[in-house]
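Working notes for the structure below.
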Amino acid sequence: MRRIIRVPEGPQYDESYPLSQGVETETMVFANGMAFDNDSRTRMAAAASIADETRIVLDALAAILADAGASLADVVKTTVYLSDRAFYDEMNSVYRTYWAPGSFPTRATVYVGIGSECRVEIDVIAVKPS
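Take 1 as the starting number for the sequence shown in UniProt numbering and just add one per residue.
What follows is the structure, encoded as structure tokens:
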């Protein structure tokens with residue numbers, strides 16, 4: 001079983017983008033989040049600060065996971081992409097509030113160019129609860 005996940009809270013990629021918000025299998029969920037506005041093809045206006053952008057991304061990921069019967073607590077791996085090293089502390093101050101202390105998933109943080117003026121992008125891999 002493989003199911004594409006699309007939720008209103010996630011990035012609204014149209015058919016010109018060859019990617020999905022998330023993919024669910026029998027046991028796992030793979031999801032991607034960024035504060036992307038499909039109409040303007042740029043970062044959402046609500047993502048004024050790195051903290052705002054990180055919240056938007058993590059809230060979208062939570063909605064994608066929920067659609068598959070999972071939650072952020074089920075995430076085992078994240079990859080955080082930042083467009084500038086200077087954003088690390090502000091992103092991290094928000095990121096840490098989405099998991100209980102001591103229950104963080106493994107994580108890699110990568111500094112890259114992110115399209116559409118987005119500054120934060122996060123991928124997650126979750127194991128669905130039994």
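Where a beta carbon is used, it is the ideal one built from N, C-alpha and C, also for glycine.
Because the structure is a prediction, the values reported are computed rather than measured.
Under the criterion of beta carbons closer than 8 Å, Arg-6 and Gln-21 qualify as touching, at roughly 6 Å.
Taking a cut-off of 8 Å on C-beta distances, the region 105-112 does not touch the region 32-39, as fewer than three cross pairs fall below it. Taking the CA atoms as reference points, Gly-10 sits about 7 Å from Ala-63. Counting other Cβ atoms within 10 Å of its Cβ, Leu-19 stays below 16 and is therefore classed as exposed. Closest by C-alpha distance to Lys-128, out of Val-75, Ala-51, Asp-14, Arg-3, is Val-75. If you draw a straight line from the Cα of Ser-116 to the Cα of Met-1, it is about 32 Å long. Thr-78: member of the beta strand (DSSP E) spanning 75-82, first to last residue. With contacts defined by Cβ atoms closer than 8 Å, Val-120 and Ile-50 form a contacting pair. In this structure, DSSP gives Asp-37 an extended state, which the three-state scheme calls strand. Between the beta-carbon of Val-80 and that of Ile-114 there is about 11 Å, and that puts the pair past the 8 Å contact cut. Under DSSP, Glu-121 shares a beta bridge with Met-34, Tyr-81.
For Ile-114, there is no enclosing beta strand (DSSP E), as DSSP marks it with neither H nor E.
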